[in-house]
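Student:
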Amino acid sequence: MPIIDSIDHAGHTKIITWDVTESNEEMLMLLNLNPYRLYKFSQLRPKQAQEYLGLRACLQELGVDYDVNYNEKGKPYLPTTDEISITHSYGKVAVGVSEVSIGIDIELERPKKIANIKQKFVRKDEQDWLPEVNELDYLHIIWGIKEGLYKLNGGNLWNFLHHYRVEYFPLVENQPIVCWISDEYKSQKLTAYYKRIGDHYLIWVLDHE
1308 MPIIDSIDHA GHTKIITWDV TESNEEMLML LNLNPYRLYK FSQLRPKQAQ EYLGLRACLQ
1368 ELGVDYDVNY NEKGKPYLPT TDEISITHSY GKVAVGVSEV SIGIDIELER PKKIANIKQK
1428 FVRKDEQDWL PEVNELDYLH IIWGIKEGLY KLNGGNLWNF LHHYRVEYFP LVENQPIVCW
1488 ISDEYKSQKL TAYYKRIGDH YLIWVLDHE
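Residue numbers for the sequence shown, in my numbering: 1308 to 1516.
Structure (structure tokens):
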């Protein structure tokens, strides 16, 4: 059972990361899906089917035996008061369930790609504090935070340069990072955290102010 990471954050947020290396047959035996979930699985393309099984595995480990629904903007939700966020990257699936609003992201370390798109997501006021040392780590984490903000914000198609901002932070895992969602009317302060899992960066953003 390849759970590669488990986080219990402050008693109100749990995140499970699963590396889906099993075959579909092995996963189906493990999960024992009900007829509705089996039918849903059978209608998916191979990549989406693998991700769905990873999602169900994470939910099973979290003790959340619910079907995940999606609103018109694609944001997932549960038939409970808990919040949920889902992310996947190259066979890794992570699911966060929280008593507060949450957005999570997992990203494979890709130095060339992240450097090439830097100007698309790093603001001028972020560039001013961005250290040259470990810059690539910072770029991956800033990108992941803004993905998390986007998900927490309900999947609104906002601009990573104009609407999401990250304050300076030291490269210390599991420590709070101040970040913001802003528009022309208001700004909302949130808190992000990051963790390295092998060659991936896991980021979670919480609204617990």
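Cβ coordinates follow ideal geometry from the N, Cα and C atoms, glycine included. The structure presented is a predicted model; accordingly, all values stated were derived computationally and were not measured.
#1: Below 8 Å, can you find three or more Cβ-Cβ pairs linking the segment 1434 to 1442 to the segment 1452 to 1464?
#2: Where does the unbroken beta strand (DSSP E) through R1472 begin, and where does it stop?
#3: Give the straight-line distance between the Cα atoms of K1496 and C1486, rounded to the nearest whole angstrom.
#4: Would you tell me roughly how many angstroms separate the C-alpha atoms of L1468 and T1394, rounded to the nearest one?
#5: I want to know whether the segment 1353 to 1361 touches the segment 1394 to 1413 - three or more CB-CB distances under 8 Å.
#6: Applying the criterion that 16 or more other CB atoms from any shown protein chain within 10 Å of the CB defines a buried residue, is M1334 buried or exposed?
#7: Is it the case that the Cβ atoms of W1511 and K1399 are separated by a distance below 9 Å?
#8: When you compare the segment 1425 to 1433 with the segment 1341 to 1355, are there three or more beta-carbon pairs, one atom per stretch, that lie closer than 8 Å?
#9: Is the beta carbon of T1498 closer than 9 Å to that of S1405?
#10: Based on Cα-Cα distance, which residue from N1331, D1490, E1368 lies nearest to L1351?
#11: How is the beta strand (DSSP E) around L1509 delimited, first residue to last?
#12: Whole angstroms are fine: how far does the CA of N1423 sit from the CA of Y1377?
#13: Just list the residues that DSSP pairs K1321 with in beta bridges.
#14: Who are the Cβ neighbours of I1409 in its own chain at under 6 Å, not counting the five residues just before and after it?
#15: Please give the ranges of any alpha helix (DSSP H) in the segment 1404 to 1480, keeping only runs that are unbroken, at least 4 residues long and fully inside the region.
#16: Nearest-angstrom Cα distance between R1472 and M1336?
Tutor: The relevant details are as follows:
#1: no
#2: 1471 to 1473
#3: 6 Å
#4: 22 Å
#5: Taking 8 Å as the limit for Cβ pairs, the verdict is that the segment 1394 to 1413 does touch the segment 1353 to 1361.
#6: With 16 or more other Cβ atoms within 10 Å, it is buried.
#7: No, Cβ-Cβ distance for W1511 and K1399 is not below 9 Å.
#8: no
#9: no
#10: N1331
#11: Note, L1509: beta strand (DSSP E), 1507 to 1514.
#12: Rounded to the nearest angstrom, the two C-alpha atoms are 32 Å apart.
#13: In DSSP, K1321 forms a bridge with D1315, V1404.
#14: E1390, S1392, G1403, L1513
#15: 1418 to 1423, 1425 to 1428, 1431 to 1434, 1442 to 1459
#16: 44 Å
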